[in-house]
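Quick note on UniProt numbering: the sequence shown kicks off at 1 and runs consecutively. A quick write-up on the structure given underneath.
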Amino acid sequence: MVASGAAAARSTGVLFALNSSNPYNARWTREQPLSIQLIHKAHSSFYSPLYLTHCYPDEKPGSHQSTSEQSSDQDSTSIANPNSQKPFKASGKALPLSPSSFSRGLVFDLGLNQSWDGHDVGSPVVKRYVSDEKERWFMWYHGDDAIGLALSNNGIHWERGTGAIESAADAGEVMRRSTDWWAFDTHSVRPSDVLIMSSSKLRASNAVYWLYYTGFGPEKSLPGLAMSQDGRHWARIEGEHHSGALLDVGAAGQWDSAFIASPKVVYHGRNDFRMYYHSLDEQSGEYAIGVARSRDGMKWVKIGKVLAGSGVAGSFDEAGVLHGHVVRDKEGGGYLMAYEGVAIDGRRSIGMVASGDGLNGWRRCSGKMVLMPDMDGWDCGGVGEPCLVPMDEQEGSRLYYRGVGSSERAGIGLAVCQTKRMSKFDRWSGFQL
Numbered sequence: 001m002v003a004s005g006a007a008a009a010r011s012t013g014v015l016f017a018l019n020s021s022n023p024y025n026a027r028w029t030r031e032q033p034l035s036i037q038l039i040h041k042a043h044s045s046f047y048s049p050l051y052l053t054h055c056y057p058d059e060k061p062g063s064h065q066s067t068s069e070q071s072s073d074q075d076s077t078s079i080a081n082p083n084s085q086k087p088f089k090a091s092g093k094a095l096p097l098s099p100s101s102f103s104r105g106l107v108f109d110l111g112l113n114q115s116w117d118g119h120d121v122g123s124p125v126v127k128r129y130v131s132d133e134k135e136r137w138f139m140w141y142h143g144d145d146a147i148g149l150a151l152s153n154n155g156i157h158w159e160r161g162t163g164a165i166e167s168a169a170d171a172g173e174v175m176r177r178s179t180d181w182w183a184f185d186t187h188s189v190r191p192s193d194v195l196i197m198s199s200s201k202l203r204a205s206n207a208v209y210w211l212y213y214t215g216f217g218p219e220k221s222l223p224g225l226a227m228s229q230d231g232r233h234w235a236r237i238e239g240e241h242h243s244g245a246l247l248d249v250g251a252a253g254q255w256d257s258a259f260i261a262s263p264k265v266v267y268h269g270r271n272d273f274r275m276y277y278h279s280l281d282e283q284s285g286e287y288a289i290g291v292a293r294s295r296d297g298m299k300w301v302k303i304g305k306v307l308a309g310s311g312v313a314g315s316f317d318e319a320g321v322l323h324g325h326v327v328r329d330k331e332g333g334g335y336l337m338a339y340e341g342v343a344i345d346g347r348r349s350i351g352m353v354a355s356g357d358g359l360n361g362w363r364r365c366s367g368k369m370v371l372m373p374d375m376d377g378w379d380c381g382g383v384g385e386p387c388l389v390p391m392d393e394q395e396g397s398r399l400y401y402r403g404v405g406s407s408e409r410a411g412i413g414l415a416v417c418q419t420k421r422m423s424k425f426d427r428w429s430g431f432q433l
């Protein structure tokens, strides 16, 4: 589908072209930066490419100030059956919510019953952008089988849309499953991570959003990539796999031969992107998280498994780990990973591990979970799919997550940690936190 050193985008409004003079090789030596051309065809009789160099991902657009699923069980919150073959569909039953202890932490409920997100929500990818004029929050999330965008001024109260977006300021559905019969994402799509690639040479309006997502097909899930100039209108970037995916599953007998899900990407430094993803190790029967590396964020080399279940009888992650979200540890250096732990009975909780280099030596911060299901709350059935948002020093850190109730009704919750080490999170219960 894609020639070596280039990637093609399927889009009617924008064409993405990738320039790389040297072919990719596995020795990790290429130093020439990737350049990206954004070619607008709508209002010009000729192509006018824009080149992005010295990219700074996951930042406020236009600045250098950092602001910051799934063959056997590809979804994180299939509580009743941890070996289901299909993406988990939450119940569309709406429960009455009030500012009580029952709804504590719930910041994003199901949409209207007839809307695209009326029966399921999850996979929150939350980004905060602060300027001199205002504070903006973006949250990409999955609905029934598509990806949507919600907007907020404070990360608490969210504006959503009931249908597909129509303008550059809208909230709502932004990316549907593919209609190409050969594609890997014909059943559903779920967001995993968003990087913002910007340069001092470009205006903020010309920053490029990179969406890493999980695509579901008839047999397995695989990772994909799409790009956008506004976070709303996306062009799929075809990877080297014949289905357009960025990576294929491992060979028979390898730990990731079942599926690849939840590709979350960290920009470590020049020519060093790192993708954390999970799969089910069919030999051990446990979920595990692995890492792949890339120089350009598009062509990936698998490194291997980096985190598995604790193996401790009765622990919250005895049966495995998945949905790892990695951020830099500003206090202690190195990296922190929030992950979804699976107990032997299938119940999901959230734990935390740390590593000096983000590749090796991941160690559990404690033997306890940092967030567990609330037996009296809306998320009594399980919590998972964590998304960490480090805040200013006085504000601590936020943890957005997907929760499921006893009736399998899903929602997106928020927990807050005031300590620098992120050792324990408390559900948001008001602005007094």
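Yeah, the Cβ is synthetic: ideal placement off N, Cα and C, and Gly gets one too. Only a predicted model underlies this, so the values are computations on that prediction, with no experimental measurement involved.
Report buried or exposed for residue i, applying the criterion of at least 16 other Cβ atoms within 10 angstroms of its Cβ.
i	result
R274	buried
E159	exposed
E133	exposed
W181	exposed
A258	buried
H142	buried
D281	buried
E219	exposed
E166	exposed
E331	exposed
S131	exposed
G172	buried
G155	buried
G217	buried
When the Cα atoms are used, what is the spatial distance from residue i to residue j?
i	j	result
S152	R136	6 Å
I237	G358	27 Å
A251	G148	33 Å
S366	P124	25 Å
K302	L371	30 Å
R177	A410	21 Å
A308	G333	23 Å
E395	T419	9 Å
V126	Y400	8 Å
H233	S198	17 Å
G122	A183	23 Å
R363	D170	42 Å
I196	A207	7 Å
D296	A235	17 Å
M175	Y209	14 Å
L222	S243	9 Å
G382	R348	5 Å
S423	M369	9 Å
S188	T179	10 Å
D117	D144	5 Å
A42	E240	Note that A42 has pLDDT 36, beneath the 50 cutoff, so the model's placement of it is unreliable and no number is given.
M227	K299	15 Å
L414	R427	6 Å
A343	I260	21 Å
Between residue i and residue j, is the Cβ-Cβ spacing less than 8 Å?
i	j	result
D193	K264	yes
V389	R128	yes
H278	S294	no
Y339	P386	yes
T186	G111	no
G290	D256	yes
F108	I350	no
K245	G269	Checking the sequence, you will find Ala at residue 245 rather than Lys. No. Outside cutoff.
R398	G384	no
M337	V353	yes
S407	R104	no
A150	M139	yes
A168	D120	no
G341	C380	no
Y287	G320	yes
S355	G346	no
By DSSP, does residue i sit in helix, in strand, or in coil?
i	result
S103	helix
D256	coil
N83	Summary for N83: the model assigns pLDDT 35, below 50, so the residue's position carries little reliability; its value from the coordinates is reported in the next sentence. Residue state, collapsed to three classes: coil.
So, is the C-beta of residue i closer than 8 Å to a C-beta in chain C?
i	result
R364	Within the model displayed, chain C is absent; a lone protein chain is all it includes.
Cβ pair count under 8 Å reaching 3, the segment 210-217 against the segment 178-193: Yes, the segment 210-217 touches the segment 178-193.
Under 8 Å: do the segment 316-331 and the segment 242-258 share three or more Cβ pairs, one atom per stretch? With a cut-off of 8 Å, the segment 242-258 and the segment 316-331 do not count as touching, because too few Cβ pairs lie within range.
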